[in-house]
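Okay, so here's the structure we're looking at.
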Amino acid sequence: MSRVAPVVVIDKLWSAFRVRGVQTIIHQNLDLTVERGEMLSIVGGSGSGKTVLLRQMLGLESPLRGAVQVLGHPAGGLASQGVASQVGMLFQHGALFSAFTVLENIALPLLELRTLPKSLIRDIAMVKLQMVGLSPAHAHKMPADLSGGMIKRVALARALVMDPPLLLLDEPTAGLDPDAAEDFCTLLSALREELRLSVVMVTHDLDTLYALSTRIAVVADKHVVVCAPPAEVVNCPHPFIETFFQGGRGLRAMEVLRASAPPA
Amino acid sequence: MEEIQPRIQIEPGSQGECVTLYGSWNAAILAMPANWRPIAAALDRKAKEAMDISWDLRQVERLDHTGAQMLWNAWGRCWPKHVLLLDVQRTTLSRVAALTVPTPVPDRPRRGEWLAHLGRWWLASAVQIKEFTALIGQLLLDVLQMLRRPDRAPWHDISVHIFRIGAMALPITALVGFLIGVVLAYLMSQQLRQLGASIYVVNILGGGLIRELGPVLTAILIAGRSGSAITAQIGAMQVTEELDAMRVMGISPSARLVLPRAIALSLVMPMLAVWTIAAALAGGMLVCDAALGLSPGYFFHALPKAVHLGSLSLALAKSVVFGWGVALIGCHFGLRVRSDTQSLGAGTTASVVMCITMVLCVDAIFAIAFRGVGL
Chain A
1 MSRVAPVVVI
11 DKLWSAFRVR
21 GVQTIIHQNL
31 DLTVERGEML
41 SIVGGSGSGK
51 TVLLRQMLGL
61 ESPLRGAVQV
71 LGHPAGGLAS
81 QGVASQVGML
91 FQHGALFSAF
101 TVLENIALPL
111 LELRTLPKSL
121 IRDIAMVKLQ
131 MVGLSPAHAH
141 KMPADLSGGM
151 IKRVALARAL
161 VMDPPLLLLD
171 EPTAGLDPDA
181 AEDFCTLLSA
191 LREELRLSVV
201 MVTHDLDTLY
211 ALSTRIAVVA
221 DKHVVVCAPP
231 AEVVNCPHPF
241 IETFFQGGRG
251 LRAMEVLRAS
261 APPA
Chain B
265 MEEIQPRIQI
275 EPGSQGECVT
285 LYGSWNAAIL
295 AMPANWRPIA
305 AALDRKAKEA
315 MDISWDLRQV
325 ERLDHTGAQM
335 LWNAWGRCWP
345 KHVLLLDVQR
355 TTLSRVAALT
365 VPTPVPDRPR
375 RGEWLAHLGR
385 WWLASAVQIK
395 EFTALIGQLL
405 LDVLQMLRRP
415 DRAPWHDISV
425 HIFRIGAMAL
435 PITALVGFLI
445 GVVLAYLMSQ
455 QLRQLGASIY
465 VVNILGGGLI
475 RELGPVLTAI
485 LIAGRSGSAI
495 TAQIGAMQVT
505 EELDAMRVMG
515 ISPSARLVLP
525 RAIALSLVMP
535 MLAVWTIAAA
545 LAGGMLVCDA
555 ALGLSPGYFF
565 HALPKAVHLG
575 SLSLALAKSV
585 VFGWGVALIG
595 CHFGLRVRSD
605 TQSLGAGTTA
615 SVVMCITMVL
625 CVDAIFAIAF
635 RGVGL
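Chains A and B, in that order, are what the protein sequence lines are. Per my numbering, residue 1 is the first one in the first sequence, and the count goes up by one each step. Per my numbering, residue 265 is the first one in the second sequence, and the count goes up by one each step.
Quick look at the structure:
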């Protein structure tokens with residue numbers, strides 16, 4: 001197999017945020033590489049800077065030191081590089097435009113290209129709407145009329161509308177009912193197969209984590225402690241990993257997963 | 265390097281024409297104008313006979329839903345007889361085929377809908393009036409409660425709002441007042457000098473500024489500055505569910521949000537009015553000295569004679585009412601904000617417009633009701 005360039009390369013990243021003039025370092029010499037076609041999950045405790053890491057990849061935050069490369073371009077000027085259309089982002093709370101209908105929200109990235117005819121864009125947006133499990137009847141509703149889970153689905157449809165090679169997801173299954181979360185996992189693995197998507201997601205949902213991830217990156221102590229396939233990560237000796245995966249919830253999730261898996 | 269540019273090649277084959285697609289068929293690539301035009305034109309040409317010719321998609325580098333939708337539409341939304349596909353392409357195309365539905369038509373307004381609109385508008389206005397009245401009533405109850413138990417009143421909040429609404433507005437009100445004083449005195453001096461009545465400039469300045477212009481100007485400035493801020497603050501709390509959290513804890517939003525603001529504004533507004541009037545008179549005095557040769561000494565001597573105490577009391581009383589009004593309207597629109605960002609913007613705009621309208625209406629009522637006082 002030929003060597004394919006990684007989609008995201010984070011090299012010795014330092015990032016910090018400022019609260020009332022006081023600087024707090026959250027990443028220190030952090031390295032992370034996302035290969036093409038893989039599904040990387042980022043886990044870490046609250047406040048360990050998982051979302052900031054996604055924002056760094058989107059170029060919404062600038063690094064203190066170090067470099068972030070996305071699809072071969074520095075993340076800082078995604079829009080000016082013309083690769084913004086190749087990165088889909090699902091924000092934690094959806095971030096739908098409240099002035100637009102559901103259909104307009106989903107169609108917006110395609111409309112911005114200004115080439116495709118409106119009827120084609122409408123068809124594509126309708127397909128995406130149903131792909132995330134919403135009925136066509138919701139097309140002309142306003143975001144304010146939707147429930148939290150529906151907003152999440154519309155936001156996912158919007159992130160997927162261009163079938164971007166790189167998809168960033170911030171807590172994709174939080175706020176979804178178990179059924180919807182399962183649909184989401186099925187949809188995402190199918191899309192990855194068909195379109196060779198690379199996915200980076202931040203999640204606390206152990207089910208989703210085991211079901212989708214090809215690799216898990218654990219962020220703790222301001223850097224990536226380990227980045228490996230789930231089976232290896234689970235046995236890594238680190239206090240955070242032990243409590244996260246070997247704690248009550250972690251073991252239960254694994255038990256259920258083993259029980260439901262077909263016998264080898 | 266893999267082939268990127270999408271292209272269509274038509275060759276005669278054993279079973280009629282064979283259309284072979286090459287390149288990347290995904291949204292970002294297809295949407296480039298240079299790629300889009302030839303592809304769309306070629307598909308259009310083949311649309312009529314799409315059913316009878318054979319299609320070969322196996323050379324396509326990356327077929328996404330945009331590309332698939334485009335083909336599906338070109339095929340007239342059904343499978344052609346002969347089509348060669350990779351498995352992943354079949355999945356994508358099948359999904360598009362299964363999920364392509366006509367877009368539901370948004371509800372069009374029916375005939376006579378305007379009447380319903382008008383009715384709804386009236387009902388909404390009635391609800392607003394009811395809510396505003398309830399707000400005033402609740403505020404009165406809260407004031408009574410505060411008088412009964414002064415130790416439990418939100419004194420800290422009141423002092424914070426006095427600082428934010430009052431102290432922080434001192435520079436801007438002084439500047440505006442001073443400039444108005446200068447302009448007014450200058451205009452007057454031009455006219456009065458021609459009549460040889462220069463000394464009456466003090467009467468006009470004193471009467472006009474203290475009785476009318478000072479309080480109204482201050483109230484309009486504060487309506488724009490603090491009325492909007494109150495709506496935005498309370499509206500943002502509504503959006504983030506902070507108000508619901510307060511209600512759940514048994515804290516009354518009206519006692520904790522409306523009351524401190526109303527009290528702070530009613531205390532601060534007369535003080536700011538006096539401050540603005542003083543700045544305006546200072547500006548007027550400077551111009552009198554420079555343009556008319558009326559010394560500040562004369563100005564101070566003549567001013568008390570020109571302005572009755574009644575005018576000053578009226579100005580202060582008016583300011584207190586303006587203060588209550590701005591606070592109540594600001595809070596009312598803030599509490600009406602619903603959980604979307606549009607309604608926050610609309611509420612803030614409505615609040616400022618209503619505040620300024622209220623100031624002018626109240627001013628007119630005072631002018632008519634107290635026409636016998638201090639003139």
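All C-beta atoms, glycine included, are put in the ideal place defined by N, C-alpha and C. Predicted model, so just to flag it, every value in this text is computed and none were measured.
Legend entry - CB contact check: residue 596(B) to chain A, cutoff 8 Å: Contact of residue 596(B) with chain A is not assigned, every C-beta pair being separated by 8 Å or more.
Inset, instruction - For chain A, find out if any of its Cβ atoms is closer than 8 Å to the Cβ of residue 364(B); answer yes or no. - result: Yes, residue 364(B) counts as interfacial toward chain A.
Legend entry - With 16 other Cβ atoms within 10 Å as the buried cut-off, status of residue 636(B): By the neighbour-count definition (other C-beta atoms within 10 Å, threshold 16), residue 636(B) is an exposed residue.
Legend entry - Within-8 Å CB hit, residue 104(A) to chain B: Residue 104(A) does not count as touching chain B.
Legend entry - Length of the line joining the Cα atoms of residue 290(B) and residue 32(A): C-alpha separation (whole angstroms): 28 Å.
Inset, instruction - Compare the beta carbon distance of residue 118(A) and residue 160(A) with 8 Å and say whether it is the shorter of the two. - result: Cβ atoms of residue 118(A) and residue 160(A): not closer than 8 Å.
Inset, instruction - Report the rounded CA-to-CA distance for residue 66(A) versus residue 52(A), giving the unit in angstroms. - result: Answer to the nearest angstrom: the Cα atoms are 15 Å apart.
Legend entry - Within 8 Å, strictly: CB atoms of residue 202(A) and residue 54(A): Contact: yes.
Inset, instruction - With 9 Å as the limit, tell me which residues of the region 142–157 of chain A have their beta carbon closer than that to any beta carbon of chain B; keep them in chain order. - result: Residues 142, 143 and 144.
Legend entry - Members of the region 603–635 of chain B near chain A, C-beta cut-off 9 Å: Residues of the region 603–635 of chain B with a C-beta atom less than 9 Å from some C-beta of chain A are 603, 604, 605, 606 and 607, listed in chain order.
Inset, instruction - Check whether the Cβ of residue 99(A) lies closer than 8 Å to any Cβ atom in chain B. - result: It does: the Cβ of residue 99(A) has a partner Cβ on chain B nearer than 8 Å.
Inset, instruction - Please report the Cβ distance between residue 311(B) and residue 272(B), rounded to the nearest whole angstrom; I am assuming they are in contact, meaning their Cβ atoms lie under 8 Å. - result: At roughly 12 Å, the Cβ-Cβ gap does not stay under 8 Å, so residue 311(B) and residue 272(B) are not in contact.
Legend entry - Contact set between residue 328(B) and chain A, taken where Cβ atoms lie within less than 7 Å: What residue 328(B) touches in chain A, judged by beta-carbon distance under 7 Å, is 163 and 195, going in chain order.
Legend entry - Same chain, Cβ closer than 6 Å to residue 353(B), neighbours up to 5 away in sequence not counted: These residues qualify, in order along the chain: 321 and 327.
Inset, instruction - Compile a chain-ordered list of the residues in the region 329–358 of chain B whose CB is closer than 7 Å to at least one CB of chain A. - result: Residues 329, 330, 333, 334, 337, 352, 355 and 356.
Inset, instruction - Return helix, strand or coil for residue 265(B), following the three-state DSSP convention. - result: Because residue 265(B) carries a pLDDT of 37, less than 50, the predicted location of this residue cannot be relied on, and no value is offered for it.
Legend entry - Within 8 Å, strictly: CB atoms of residue 490(B) and residue 403(B): Going by beta carbons, residue 490(B) and residue 403(B) fall outside the 8 Å limit.
Legend entry - DSSP state of residue 623(B) mapped onto helix, strand, coil: DSSP places residue 623(B) in helix when its eight states are reduced to three.
Legend entry - Backbone secondary structure at residue 618(B) - three-state DSSP: Residue state for residue 618(B) is assigned as helix, using DSSP reduced to three classes.
Inset, instruction - Within the same chain, show all residues whose beta-carbon is closer than 6 Å to that of residue 158(A), passing over the 5 residues directly before and after it, in chain order. - result: Residues of the same chain with a CB within less than 6 Å of the CB of residue 158(A), apart from the 5 flanking positions on each side, are 105 and 106 in chain order.
Legend entry - Runs of alpha helix (DSSP H) lying entirely within the region 115–160 of chain A, each at least 4 residues, in chain order: Within the region 115–160 of chain A, complete alpha helix (DSSP H) segments of at least 4 residues are found at 118–131 and 148–160, given in chain order.
Legend entry - Short-range partners of chain A found in the region 272–302 of chain B, where Cβ spacing is below 8 Å: Within the region 272–302 of chain B, the qualifying residues are 290, 291, 292, 294, 295, 296, 297 and 300.
Inset, instruction - Would you mind reading off the limits of the beta strand (DSSP E) that contains residue 29(A)? - result: In the DSSP assignment, residue 29(A) falls within the unbroken beta strand (DSSP E) covering 22–34.
Legend entry - Under the three-state DSSP convention, the category residue 495(B) falls into: In the displayed model, residue 495(B) falls within a helix according to three-state DSSP.
Inset, instruction - Give the secondary structure of residue 17(A) by DSSP, where H, G and I count as helix, E and B as strand, and everything else as coil. - result: Note: residue 17(A) maps to strand in three-state DSSP.
Legend entry - Contacting residues, own chain, Cβ-Cβ under 6 Å from residue 87(A) (five flanking each side not counted): Non-local beta-carbon contacts of residue 87(A) in its own chain, meaning distances under 6 Å to residues more than five positions away in sequence, involve 164 and 166 in chain order.
Inset, instruction - Could you pull out every residue in the same chain whose Cβ sits closer than 6 Å to the Cβ of residue 263(A), ignoring the five residues on either side in sequence? - result: Reliability of the predicted coordinates at residue 263(A) is poor, the pLDDT of 48 falling under 50, and the value obtained from them is presented with this limitation in mind. Nothing listed; no residue qualifies.
Legend entry - Residue of 216(A), 137(A) and 99(A) minimising C-alpha distance to residue 371(B): For the residues 216(A), 137(A) and 99(A), the minimum Cα distance to residue 371(B) belongs to 137(A).
Legend entry - residue 285(B) vs residue 323(B) beta-carbon contact at 8 Å: Contact check for residue 285(B) against residue 323(B) passes: the beta carbons are separated by less than 8 Å.
Inset, instruction - Flag this pair as yes or no: are the beta carbons of residue 483(B) and residue 583(B) separated by less than 8 Å? - result: The answer is yes: Cβ separation under 8 Å.
Legend entry - Member of 472(B), 521(B) and 621(B) whose CA lies at the smallest distance from the CA of residue 567(B): The shortest Cα separation from residue 567(B) among 472(B), 521(B) and 621(B) belongs to 472(B).
Inset, instruction - Answer yes or no: does any C-beta atom of chain B fall closer than 8 Å to that of residue 20(A)? - result: For residue 20(A), no CB of chain B lies under 8 Å from its own CB, so it is not counted at the interface with that chain.
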